[in-house]
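Inspection log for the structure reproduced underneath, given as structure tokens.
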Amino acid sequence: MSLSLECKDTMEETMISWRERGRTGGSVNLDGTGSVATEGSVAAPPGPGEWEDALGLPLCVVCQNTEKIDYLEKSQGWKEEMFDLVLQYLRTALLRHGASLIYTSPSMTSPLQTLIHASLGIRSLLKRQPLKENVIERDKVVVPPNWDSWSKIRVLRDGFDVETVSNGWSIDLDQPFPSVKTNGVYGTDYEEDGGPNGTTEVEGSAVAYYEEQVRDTSLDALQLAQGNRDTSQLEVPSADTQAFLSNQLERLEQQKKADEKAGKEKDTGSFAHVPSDDMISDHIGPVQFNMGGIQVDADDMVQRLRDRHGYGQSPEPVLDEEIEIEGTQAPVDTDTLAKFFGDLMNRKPTAGGKSTTKT
1 MSLSLECKDT MEETMISWRE RGRTGGSVNL DGTGSVATEG SVAAPPGPGE WEDALGLPLC
61 VVCQNTEKID YLEKSQGWKE EMFDLVLQYL RTALLRHGAS LIYTSPSMTS PLQTLIHASL
121 GIRSLLKRQP LKENVIERDK VVVPPNWDSW SKIRVLRDGF DVETVSNGWS IDLDQPFPSV
181 KTNGVYGTDY EEDGGPNGTT EVEGSAVAYY EEQVRDTSLD ALQLAQGNRD TSQLEVPSAD
241 TQAFLSNQLE RLEQQKKADE KAGKEKDTGS FAHVPSDDMI SDHIGPVQFN MGGIQVDADD
301 MVQRLRDRHG YGQSPEPVLD EEIEIEGTQA PVDTDTLAKF FGDLMNRKPT AGGKSTTKT
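Just so we're aligned: the sequence shown equals residues 1 to 359 in the UniProt record's numbering.
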């Protein structure tokens, strides 16, 4: 449905008024109020790539949760150059629409309300906060409408082809919106020609340039696991059961051998080298302490206790030695003993204190 000529003229006048707001040397502020123009000052005309694809309404892009920038830097390995590159792509694309850009975070105050009121021409009775541009602090970016330009985008980081990206964004805007159909039980989106998610690469596309330079590192592990599989197919062929089990058996055998080898090395290492007392003493040095005003050497005291314990114990007789001693004794002559005791009994005392033996 096309607009009438009257509506088109009105929209054109409105867009021209938006285009003139807040320009350097202009007579209209960003919020639509008049400014004091100096003598001979002329508003700067739109530069290259600016307001070339006007949408017919003021556009403001708000990037929330900028506190996650630190997370990307610490966990995903993002560098300062990558954050600047993303900002350059955003500013180049929004410049064609005359849009504004702002980064916000729940933990910090931002001039978002002031920017929205200025873009819509809302004049609040409250005290207006000054709106200043900021492209230096990566988590507090503010780009008002009609302020940015190609030269300011190039200054942020060298090596960025702003003209190619701007033309590529224009190519992306000219592409027809794909008609997406749902295919499969899982509801995967497919284009009519069979492409997944309805995406096709266009030569010179700014989106393609962006995806080449700014990669999502969180998907690297997923892509590595998928390998060379065709992700556009719903079904994935599975491996043969016996082949899978044989492969797992080989892995289990290797793991078992490795565990046995590690256990043997652990046992050998734990019993092969037992540290002696001398080695421990060499490591920790002499131990001395004061007991009742007397300096005592702990090593000397321990040695004396060991010597006393060794001297106080007598070796117990061994059973085999006792048997051997008993076996070496001569047998007792009972006849001789009987004769000896018989002589003692038959002995009679004599007068001179002498005794005679009867033979």
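We put the CB at the ideal spot given by N, CA and C, even for glycine. Note that this is a predicted model, so its numbers are computed, not measured.
Span separating the alpha-carbon of residue 186 from that of residue 67: Low confidence applies to residue 186: its pLDDT is 47, below 50, so where it sits in the model is not reliable enough to give any reading.
Helix, strand or coil at residue 129 according to DSSP, with G and I counted as helix: Reduced to three states, the DSSP call for residue 129 is coil.
Close Cβ partners of residue 194 (< 6 Å) along its chain, the five nearest in sequence each way excluded: The predicted model places residue 194 with a pLDDT of 44, which falls under 50 and marks its position as unreliable, so this point remains unresolved.
Residue 291 in three-state terms, based on DSSP: DSSP places residue 291 in strand when its eight states are reduced to three.
With 16 other Cβ atoms within 10 Å as the buried cut-off, status of residue 114: buried
The region 73-83 touching the region 144-153, judged by at least three CB pairs closer than 8 Å: no
Beta-carbon proximity check, residue 95 vs residue 166, cutoff 9 Å: yes
Residue span of the alpha helix (DSSP H) that contains residue 62, given as start and end: Careful: residue 62 lies outside any alpha helix (DSSP H), inside the beta strand (DSSP E) at 60-63.
Proximity to residue 79 [Cα-Cα], best of 214, 119, 30: 214
Pair within 9 Å by beta-carbon distance, residue 138 and residue 87: yes
Three-state class that DSSP yields for residue 143 in the structure shown: strand
Start-to-end residues for the beta strand (DSSP E) that takes in residue 102: For residue 102, the enclosing beta strand (DSSP E) has its first and last residue at 100-103.
Spatial distance of residue 83 from residue 156 (CA atoms): Going by the C-alpha atoms only, they are around 11 Å apart.
Nearest-angstrom Cα separation, counted from residue 309 out to residue 333: 46 Å
Beta-carbon proximity list for residue 298, same chain, < 6 Å, skipping 5 on both sides: 287
Secondary structure of residue 296, DSSP reduced to three states: When DSSP states are grouped into helix, strand and coil, residue 296 belongs to the strand group.
Local conformation of residue 29 per DSSP, three classes: coil
Identity of the residue in 118, 133, 151, 7 nearest residue 103 by Cα: 133
Those residues which DSSP pairs with residue 134 across a bridge: 142
Straight-line gap, residue 6 to residue 16 (C-alpha atoms, nearest Å): 15 Å
Given residue 120 as reference, the closest of 21, 164, 50, 90 once Cα atoms are compared: 21
Residue 160 - DSSP class collapsed to helix/strand/coil: coil
Own chain, CB closer than 7 Å to residue 209, minus 5 neighbours either side, in chain order: 165, 168
Sub-9 Å separation of residue 207 and residue 172 beta-carbons: yes
Three-state secondary structure (DSSP) of residue 119: helix
As assigned by DSSP and simplified to three states, the class of residue 336: Helix.
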